[in-house]
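Following the numbering used here, the numbering of the sequence shown begins with 62 at its first residue and continues without gaps. Beneath this line is the structure, given in structure tokens, with notes to follow.
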Amino acid sequence: MQITEAKLDDETVSSDEIELIKAGVIQNFAFAYELRWKFTKRWIQNNMGAEMVDGVTRKELFRLSVESRLIVDVDTWVGTSRVSCFIISLLPWGGNLGA
Numbered sequence: 062m063q064i065t066e067a068k069l070d071d072e073t074v075s076s077d078e079i080e081l082i083k084a085g086v087i088q089n090f091a092f093a094y095e096l097r098w099k100f101t102k103r104w105i106q107n108n109m110g111a112e113m114v115d116g117v118t119r120k121e122l123f124r125l126s127v128e129s130r131l132i133v134d135v136d137t138w139v140g141t142s143r144v145s146c147f148i149i150s151l152l153p154w155g156g157n158l159g160a
């Protein structure tokens, strides 16, 4: 991240390079978000039973995560989820990384 910040502060950086850096940050964020909720779902399936996660929303999944002590604060994760969904919707592939 420090390299990215230094690169963005460099006056010789072209607008194309800045856009490339921004796209990389967005894609990494989207990838990390997808991995986060998929890992959470898999952990609950394996440790609490598949019936616990069948048909639940991501918000409910995060509530189950609090009950399982995987996370502390549902509101923070749900807020991040809203931002993540918006960012993922901007990606050319719609953020679909497979199941």
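Quick reminder that beta carbons are idealized off the backbone N, C-alpha and C, glycines included. None of these values were measured; they are calculated from a predicted model.
Q. Quick one: does the C-beta of residue 130 sit closer than 6 Å to a heavy atom of the ligand COA?
A. This structure lacks the ligand COA, and indeed carries no ligand of any kind.
Q. If residue 122 and residue 114 are in contact, beta carbons under 8 Å, what's the gap, nearest whole angstrom?
A. Contact holds; Cβ gap of about 6 Å.
Q.
At the level of alpha carbons, what is the spacing between residue 138 and residue 105?
A. The alpha-carbon atoms of residue 138 and residue 105 are separated by roughly 16 Å.
Q.
As a quick exercise: from 102, 107 and 77, pick the residue whose alpha carbon is nearest that of residue 119.
A. 102
**Q.** Beta-carbon proximity of residue 117 to residue 127, cut-off 7 Å
**A.** no
Q) How far does the alpha helix (DSSP H) with residue 124 in it reach, from first residue to last? A) 119-128
Q. Around the Cβ of residue 111, are there at least 16 other Cβ atoms within 10 angstroms (buried) or fewer (exposed)?
A. Residue burial is scored here from C-beta neighbours: residue 111 has fewer than 16 other C-beta atoms within 10 angstroms and is therefore classed as exposed.
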